[in-house]
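Written below as structure tokens is the structure these notes are about.
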Amino acid sequence: MASRVVRCCLQAPRTAWGAWSSCTYRKSNEDKLVPDEEVPHMASSLASVQYEGVDGLRRAIRVAILGGNLMVTMSKWLAAVLLRKLFVMVEDTFGSGESLLGNVTSPFWKAIFLVNFGFFDTLALAIAVAVPMGIFGVLRSALPIRLAGTMARARRALLVDISLNSMTIAESNYSASFLLEQIYMLSEYEAETKYVRIGEAQRIKVVAIFCIIVFWQGSLLSAVMTGVIVLLELVLRTRVIAPHLEDKSELTRRVHDLILDILRGADIVAMHNAESKEMQALASVEAPGIKIDRDTSRAILGVTGFTLFLLTVTMPVLLAFSWALFDNIEDAREAANMLFALTAMLIILDEGHKSLNRLSMSSKAEAAYRQSLAIVEPLLAAGQAALAAERAERVMTGNADKTADAWPPPELPDVAVGPGALSFSHVTVQYPSASAPAVHDVTFTIPRGTSMAIVAESGGGKSTLFRAASALIHHEGEISFGDVVLDDDTKQALRARMGFVSQDSKLFARSIRDNVWYGHAAEGIAEADDAKIWSVLTGLGLASWVESLRDGLDTVLTSEQMVSGGQAQRLQIARLLCRDNVQYVLLDECMSALDPVMRTAVTRALKQFLRGKTALIITHSHDTISDLCDTVLDLGKLQADQEGAITTTRAYLAGINGMSRIAAFFSSITGDRGSTRR
1 MASRVVRCCL QAPRTAWGAW SSCTYRKSNE DKLVPDEEVP HMASSLASVQ YEGVDGLRRA
61 IRVAILGGNL MVTMSKWLAA VLLRKLFVMV EDTFGSGESL LGNVTSPFWK AIFLVNFGFF
121 DTLALAIAVA VPMGIFGVLR SALPIRLAGT MARARRALLV DISLNSMTIA ESNYSASFLL
181 EQIYMLSEYE AETKYVRIGE AQRIKVVAIF CIIVFWQGSL LSAVMTGVIV LLELVLRTRV
241 IAPHLEDKSE LTRRVHDLIL DILRGADIVA MHNAESKEMQ ALASVEAPGI KIDRDTSRAI
301 LGVTGFTLFL LTVTMPVLLA FSWALFDNIE DAREAANMLF ALTAMLIILD EGHKSLNRLS
361 MSSKAEAAYR QSLAIVEPLL AAGQAALAAE RAERVMTGNA DKTADAWPPP ELPDVAVGPG
421 ALSFSHVTVQ YPSASAPAVH DVTFTIPRGT SMAIVAESGG GKSTLFRAAS ALIHHEGEIS
481 FGDVVLDDDT KQALRARMGF VSQDSKLFAR SIRDNVWYGH AAEGIAEADD AKIWSVLTGL
541 GLASWVESLR DGLDTVLTSE QMVSGGQAQR LQIARLLCRD NVQYVLLDEC MSALDPVMRT
601 AVTRALKQFL RGKTALIITH SHDTISDLCD TVLDLGKLQA DQEGAITTTR AYLAGINGMS
661 RIAAFFSSIT GDRGSTRR
């Protein structure tokens with residue numbers, strides 16, 4: 001019998017091992033995210049898009065957890081059984097009277113104490129249990145790391161997919177860097193803590209079952225007392241500790257806000273010799289923290305000390321209960337067996353106590369995990385739902401995307417994009433968190449081959465209009481490039497004929513060549529044309545700077561400090577000027593960081609590039625309007641339905657100059673009167 005049990009224990013880990021070894025990824029361009037067979041069936045949760053094998057990994061982990069908990073509890077039980085057999089051996093060897101422990105007639109006690117097993121049979125069984133217990137422990141530690149890595153890759157790929165192919169992230173209140181940090185936190189918790197907590201919670205249940213089987217009277221008493229103590233601790237923490245923690249959290253928030261405010265204006269603080277003042281302000285805000293920390297410590301000390309006292313009292317109460325229970329038993333053998341049942345229960349119960357402590361120690365990590373999960377999962381689910389709807393429509397219309405990494409690159413949708421006018425018809429844009437539209441019912445047309453400046457007060461919706469035309473945010477109404485209406489099906493084809501430079505000087509942490517030549521790979525041009533790049537850089541006044549760098553075009557822009565604002569803007573403009581087949585150009589304050597000399601050179605290059613193209617140019621510069629634009633649209637007047645919203649550049653500048661002369665005239669009159677009064 002012992003040999004059969006040993007074989008069963010040795011074979012137990014095979015289920016978990018087989019599940020682990022069968023967990024293989026569905027390879028798609030180095031573990032990219034792969035949707036289910038039919039896009040329309042994708043659900044709005046992260047689980048609907050995952051690597052094949054994640055479910056297998058989860059099952060393997062749960063098998064390892066259950067097997068490990070069973071083996072650990074069995075080892076404690078076998079330790080108690082071996083201890084009893086040692087007492088029986090001592091009693092048989094040195095005892096002179098009737099044996100109390102050796103004569104067991106009850107089938108229940110025979111099963112509990114493995115009476116039919118010899119000492120060495122039981123010892124062999126205990127050693128055999130240690131083998132699968134070790135294997136389960138290894139799997140329990142290793143599998144979550146693999147699962148967490150798989151889920152982290154899935155989340156990161158989904159985040160990038162959503163960011164590039166939907167507006168979910170752009171319209172949310174979270175930045176991509178913040179979400180990446182949250183995904184990292186989720187991965188770390190899932191790799192190190194999540195399944196440890198699941199295992200400890202399950203071990204408490206297994207321990208409870210074993211304890212009830214071995215000594216149900218004492219187990220029920222322990223369970224009731226522990227439940228009451230835990231409930232009492234929860235109430236005390238809520239009423240006594242929680243208010244202090246809330247005060248501490250609020251103070252920490254205020255301190256962090258002040259520090260960030262000071263650091264944002266560090267240069268201003270230094271230039272006004274206000275360092276001491278700001279340090280005093282920080283000390284003033286920090287001052288209540290001493291009392292809050294003291295009160296919090298006292299509250300935690302009181303509640304924790306009281307709880308530990310009650311837990312400590314549990315053992316004496318249990319022993320007193322056992323004393324009363326044994327005192328009413330007349331059969332000495334029955335009392336001896338119950339005594340060893342109590343011993344076995346206490347040995348097994350120790351594992352439950354350890355698990356309860358581990359759960360308590362990781363409760364804060366669990367709360368932080370759930371907070372991050374509440375941020376990341378709904379956002380990814382919403383983005384995934386948007387992608388699923390879009391791709392389902394493409395599947396039904398026969399325009400499903402091909403693999404994103406394929407080379408040569410996939411052909412763009414069969415949309416004929418030719419030169420033409422850029423038209424806005426009743427365009428409205430409202431951000432999800434805004435109470436009013438940023439742009440409302442805008443209708444105008446930029447004739448083919450002309451450039452129109454868009455002017456408005458700050459916050460007037462110029463950049464919003466720019467992003468809508470770039471298909472970077474959702475809009476209502478219709479935006480047309482020639483005969484092609486901008487929508488999800490045509491945006492890729494339109495972007496292939498569209499060049500743009502935004503006011504944000506964003507560069508990749510890649511070489512100068514890669515930054516300037518970026519986008520050509522999507523057009524099937526893999527090799528960069530260095531001659532063209534150098535020609536463009538020369539025209540923009542960047543060639544001498546690049547030549548001075550040790551690696552030239554191969555210099556990797558690893559940090560923002562490597563380039564000035566003006567250089568970053570000119571590199572973006574160089575990226576535009578290297579593009580061929582561009583018919584529509586969108587520029588948003590693209591020369592705001594340039595000095596007058598560089599502005600002249602860049603304007604000359606842009607003027608030549610824009611010849612024959614339809615361009616929307618957002619600018620505050622009258623020089624840019626004069627040099628590059630044929631017409632001017634006052635967006636504020638247009639949305640207010642005022643006359644003269646669209647004028648020629650000459651008329652607009654004449655009006656501006658006229659207003660300036662009038663202002664100067666009244667200023668001179670006011671100044672003369674002031675001089676007279678003085």
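Be aware that the sequence shown starts at 1, since it is given in this note's numbering, and climbs by one per residue.
Cβ atoms here follow ideal geometry from the backbone N, Cα and C, with glycine treated the same way.
>> Please report whether the beta-carbon of His474 lies at a distance below 8 Å from any beta-carbon of chain C.
In response: Although the question refers to chain C, the structure presented lacks it and comprises just one protein chain.
> From Ser141 to Glu192, what distance separates their C-alpha atoms?
Replying inline: As a first step, residue 141 must be located in the sequence shown, where it is residue number 141. As a first step, residue 192 must be located in the sequence shown, where it is residue number 192. Straight-line Cα distance between these residues: approximately 8 Å.
> Whole-angstrom Cβ separation of Ile348 and Trp109, contact assumed at under 8 Å?
Replying inline: For this step, residue 348 is matched to residue 348 along the sequence shown. For this step, residue 109 is matched to residue 109 along the sequence shown. With 8 Å as the limit, Ile348 and Trp109 do not qualify as a contact, their Cβ atoms being about 16 Å apart.
> Can you list the alpha helix (DSSP H) stretches of 4 or more residues lying completely in the region 522-565, in chain order?
Replying inline: 530-539 and 543-548
> Which stretch, first to last residue, makes up the alpha helix (DSSP H) that contains Met315?
Replying inline: Counting from one through the sequence shown, the residue named residue 315 turns up at place 315. Start and end: Pro288 to Asp327.
>> DSSP three-state label for Leu594, please.
In response: Numbered from 1 along the sequence shown, position 594 holds the residue referred to as residue 594. The answer is coil: DSSP assigns Leu594 none of H, G, I, E or B.
> Closest to Ile259 by CA distance: which of Ala283, Asn165 and Asp161 is it?
Replying inline: Start at 1 with the first residue of the sequence shown, and residue 259 comes out as number 259. Cα-wise, what sits closest to Ile259 is Ala283.
>> For Ala223 and Ala208, which I take to be in contact (beta-carbon distance under 8 Å), what is that distance rounded to the nearest angstrom?
In response: Here the question's residue 223 lines up with position 223 in the sequence shown. Here the question's residue 208 lines up with position 208 in the sequence shown. Yes, Ala223 and Ala208 are in contact; Cβ-Cβ is about 7 Å, under 8 Å.
> Buried or exposed: which applies to Gly517, given that a residue is buried once 16 or more other Cβ atoms fall within 10 Å of its Cβ?
Replying inline: As a first step, residue 517 must be located in the sequence shown, where it is residue number 517. Note on identity: in this sequence residue 517 is Trp, with Gly being the wrong assignment. Burial check for Trp517: the Cβ neighbour count within 10 Å reaches 16 or more, so the residue is buried.
> Quick one: what's got a C-beta closer than 6 Å to Leu185's C-beta in the same chain, skipping five residues either side?
Replying inline: By one-based count along the sequence shown, residue 185 stands at place 185. Sequence inspection shows Met at residue 185; the Leu mentioned does not correspond to that position. Around Met185: Ser372.
> DSSP state of Leu586, grouped into three classes?
Replying inline: Counted from its first residue, the sequence shown places residue 586 at position 586. Leu586: strand per DSSP, three-state reduction.
>> I'd like to confirm the pairing. Which residues does DSSP put opposite Ile454 in its beta bridges?
In response: Taking the sequence shown and counting its residues from 1, the one referred to as residue 454 is at position 454. Ile454 pairs with Ile618 and Leu633.
>> Taking 8 Å as the limit between beta carbons, can you name the residues of its chain near Ala574, skipping five residues before and five after?
In response: Position 574 of the sequence shown, counting from 1, holds the residue named residue 574. If we look at Ala574 and ignore the five residues flanking it on each side, its Cβ neighbours are Val516, Ile533, Val536, Leu537, Leu540 and Leu542.
>> Let me make sure I understand the geometry here. Which of Val602, Arg611 and Asp641 has the alpha-carbon closest to that of Thr688?
In response: With the chain running from 1 to 678 in the structure shown, residue 688 is simply not present.
> Hey, would you say Ile183 sits closer than 8 Å to Arg155, going by beta carbons?
Replying inline: Taking the sequence shown and counting its residues from 1, one reaches residue 183 at position 183. Taking the sequence shown and counting its residues from 1, one reaches residue 155 at position 155. Taking 8 Å as the Cβ cut-off, Ile183 and Arg155 qualify as a contacting pair.
> Any idea what DSSP makes of Thr168, helix, strand or coil?
Replying inline: Along the sequence shown, one-based indexing puts residue 168 at 168. Thr168: coil per DSSP, three-state reduction.
> Which partner residues of Thr445 appear in the DSSP bridge assignment?
Replying inline: Here residue 445 refers to the residue found at position 445 when the sequence shown is read from its first residue. Thr445 pairs with Ser423.
> So is Thr226 buried or exposed if we call it buried at 16+ other beta carbons inside 10 Å?
Replying inline: As a working note, residue 226 is residue 226 in the sequence shown. Thr226 is buried by the Cβ-count criterion.
> Using the rule of at least 16 other Cβ atoms within 10 Å of the residue's Cβ for burial, across every protein chain shown, is Pro144 buried or exposed?
Replying inline: By 1-based counting over the sequence shown, the position of residue 144 is 144. Classification for Pro144: buried.
> Quick one, which of Asp267, Ala469 and Ser360 has its alpha-carbon nearest Val485's?
Replying inline: Here residue 485 corresponds to residue number 485 of the sequence shown, with the count starting at 1. Of the listed residues, the one whose Cα sits closest to Val485 is Ala469.
> Taking the alpha-carbon positions, what's the Leu180 to Leu472 distance?
Replying inline: Here residue 180 refers to the residue found at position 180 when the sequence shown is read from its first residue. Here residue 472 refers to the residue found at position 472 when the sequence shown is read from its first residue. Their backbone Cα atoms lie some 21 Å apart in a straight line.
> DSSP three-state call for His474: helix, strand or coil?
Replying inline: The count along the sequence shown starts at 1 and reaches residue 474 at position 474. Looking at His474 - three-state DSSP - the assignment turns out to be coil, as it is neither helix nor strand.
> In terms of alpha-carbon separation, which member of Ile646, Val160, Glu286 and Ala496 lies closest to Val582?
Replying inline: Start at 1 with the first residue of the sequence shown, and residue 582 comes out as number 582. Comparing Cα-Cα distances from Val582 to each of Ile646, Val160, Glu286 and Ala496, the minimum goes to Ala496.
> Are the beta-carbon atoms belonging to Leu610 and Ser435 less than 8 Å from one another?
Replying inline: On the sequence shown, residue 610 is found 610 positions in, with the first residue counted as 1. On the sequence shown, residue 435 is found 435 positions in, with the first residue counted as 1. The answer is no: Cβ separation not under 8 Å.
>> Since Thr649 and Cys629 should fall inside the 8 Å C-beta cutoff, what is the C-beta to C-beta distance between them, to a whole number of angstroms?
In response: Counted from its first residue, the sequence shown places residue 649 at position 649. Counted from its first residue, the sequence shown places residue 629 at position 629. Indeed, because the Cβ distance is near 5 Å, the residues count as touching under 8 Å.
> Gly499 lies in the beta strand (DSSP E); which residues open and close that run?
Replying inline: Position 499 of the sequence shown, counted from the first residue, corresponds to residue 499. Residues Met498 to Val501.
> Name the DSSP beta bridge partners of Glu646, please?
Replying inline: Position 646 of the sequence shown, counting from 1, holds the residue named residue 646. The sequence given here places Ile at residue 646; Glu does not occur at that position. Ile646 pairs with Leu633.
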